[in-house]
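**Student:**
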Amino acid sequence: MNCWEILGIEPTRDRQRVQDAYENQLRFASDDEAVQLKEAFREAVGEAPTETSPVVSEPGSEERELDASERQVAREVTIQVKALLNDSGRSQDAGIWKAILCEPPADQLPLRREIGRQLEPQLRPMAENGTFPGPVVRFLGEWFEWYDFQGEAAQEDERRYPEPDMEGEGTDTESPQMVNFWPAVVGWIIGLVILATIFGGMGGGG
């Protein structure tokens, strides 16, 4: 199968159409199929006009503009992540996030910064509002260098998995009820003894 058959479209130089087809196919693809789709996408866009818009690099030791191939990789990773967000089940798996974001050359610092620039406005609010489980939040925090985010992920885990001490609090709340119960039992026993004494005296008098 050629790249167009894998993507499910006719050959075209319309880059947006190629991208839409890739995203649609990726939503329902297995891991192996996702690899094939990625290769097909690269081959297809290689025949289409490439965007030449400049990329503004963030300050840092690796400050430089990305070349055309690096911008292409950044776009592909961004597309994969957005497709992943449409799959609520797979987006909860930290392993899938790692497979997408840690695949070379996407793990290189200049590319990570560009990918982060494109995705952070969407991903960070989702991580903050509890859309992702703790392992995914921690990985995203490390990968995107959200250094202030590690504590938030830990707090989320604590809310979902409370410490055992909290279970003990439930037992403690029952203790006062037991304490209040015993005086009533003692009073009831004393009442029975008094009644037995009275009736015993009456019987003896007879």
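Here the sequence shown is numbered in this note's numbering, starting from 924 and rising by one per residue.
C-beta atoms are modelled at their ideal positions from N, C-alpha and C, and glycine is treated no differently.
Keep in mind it's a predicted model, so treat the numbers as computed, not measured.
1) Taking one C-beta from the region 995-1011 and one from the region 1026-1045 each time, how about it: are there three or more such pairs within less than 8 Å?
2) Does DSSP put ALA952 in a helix, a strand or coil?
3) Within its chain, find whatever has a CB closer than 6 Å to the CB of SER1014; leave out the 5 residues flanking it on each side and keep chain order.
4) If I measure Cβ to Cβ from ALA963 and keep anything under 6 Å in the same chain, skipping five residues before and after, which residues do I get?
5) Is VAL1059 near ALA1017, with beta carbons less than 8 Å apart?
6) With 16 other CB atoms within 10 Å as the buried threshold, where does GLN948 fall?
7) Are ARG938 and ILE932 touching if we call contact CB-CB under 8 Å?
8) Can you give me the start and stop residues for the alpha helix (DSSP H) that LEU989 sits inside?
9) Between the alpha carbons of ILE1038 and GLU956, how many angstroms are there, rounded?
10) Applying the 10 Å Cβ sphere with the 16-neighbour rule, what's the burial state of PRO1033?
11) Does GLU1097 come out as helix, strand or coil in the three-state DSSP assignment?
12) Report buried or exposed for TRP1020, applying the criterion of at least 16 other Cβ atoms within 10 angstroms of its Cβ.
13) Please confirm whether ALA952 and LEU960 have their CB atoms less than 8 Å apart.
14) Are the CB atoms of LEU1024 and TRP1188 within a distance shorter than 8 Å?
15) Could you give the first and the last residue of the continuous alpha helix (DSSP H) run that contains MET1049?
16) Are the beta-carbon atoms of VAL1004 and LEU1042 separated by less than 8 Å?
17) Return the Cβ separation of ARG1130 and ASP1010 in integer angstroms, given the expectation that the two are a contact with Cβ distance under 8 Å.
18) With a threshold of 8 Å on Cβ separation, who are the neighbours of PHE1055 within its own chain once the five nearest residues in sequence on each side are excluded?
**Tutor:** Result, derived from the coordinates:
1) yes
2) For this step, residue 952 is matched to residue 29 along the sequence shown. Note: ALA952 maps to coil in three-state DSSP.
3) For the purposes of this step, residue 1014 is taken as residue 91 along the sequence shown, with counting starting at 1. Taken in chain order, the residues that qualify are LEU1007 and LEU1008.
4) On the sequence shown, position 40 is the one that residue 963 refers to. Cβ within range, chain order: CYS926, ILE929 and LEU930.
5) Within the sequence shown, numbered from 1, the residue matching residue 1059 stands at position 136. Within the sequence shown, numbered from 1, the residue matching residue 1017 stands at position 94. Closer than 8 Å, so yes.
6) Numbered from its first residue, the sequence shown carries residue 948 at position 25. Buried, because 16 or more other Cβ atoms sit within 10 Å of the Cβ of GLN948.
7) Sequence index remark: in the sequence shown, residue 938 carries index 15 (1-based). Sequence index remark: in the sequence shown, residue 932 carries index 9 (1-based). Not a contact, by the Cβ cut-off of 8 Å.
8) For the purposes of this step, residue 989 is taken as residue 66 along the sequence shown, with counting starting at 1. Premise fails: LEU989 is in no alpha helix (DSSP H) and is neither H nor E.
9) Here residue 1038 corresponds to residue number 115 of the sequence shown, with the count starting at 1. Here residue 956 corresponds to residue number 33 of the sequence shown, with the count starting at 1. Taking the straight line joining both Cα atoms gives about 23 Å.
10) The residue given as residue 1033 occupies position 110 in the sequence shown. So PRO1033 counts as buried.
11) Residue numbering aside, residue 1097 sits at position 174 when the sequence shown is read from its first letter. Here GLU1097 scores only 49 on pLDDT, less than 50, and its place in the model should not be relied on; the value that follows carries that caveat. Helix, per DSSP.
12) Walking along the sequence shown from the start, residue 1020 turns up at place 97. TRP1020 should be labelled buried.
13) Working through the sequence shown from its first residue, we reach residue 952 at position 29. Working through the sequence shown from its first residue, we reach residue 960 at position 37. Yes. Within cutoff.
14) In this structure the chain extends from 924 to 1129, so residue 1188 is not present and cannot be described.
15) What you label residue 1049 is simply residue 126 of the sequence shown in a count that begins at 1. It spans 1032-1051 - the alpha helix (DSSP H) in which MET1049 sits, taken as one unbroken run.
16) As a working note, residue 1004 is residue 81 in the sequence shown. As a working note, residue 1042 is residue 119 in the sequence shown. In this structure, LEU1042 lies closer than 8 Å to VAL1004 by Cβ.
17) Given that the chain is displayed from residue 924 to residue 1129, the structure contains no residue 1130 and the question cannot be resolved.
18) In the sequence shown, the residue the question calls residue 1055 occupies position 132. Here the set comprises SER1014, GLN1015, MET1049 and LEU1063.
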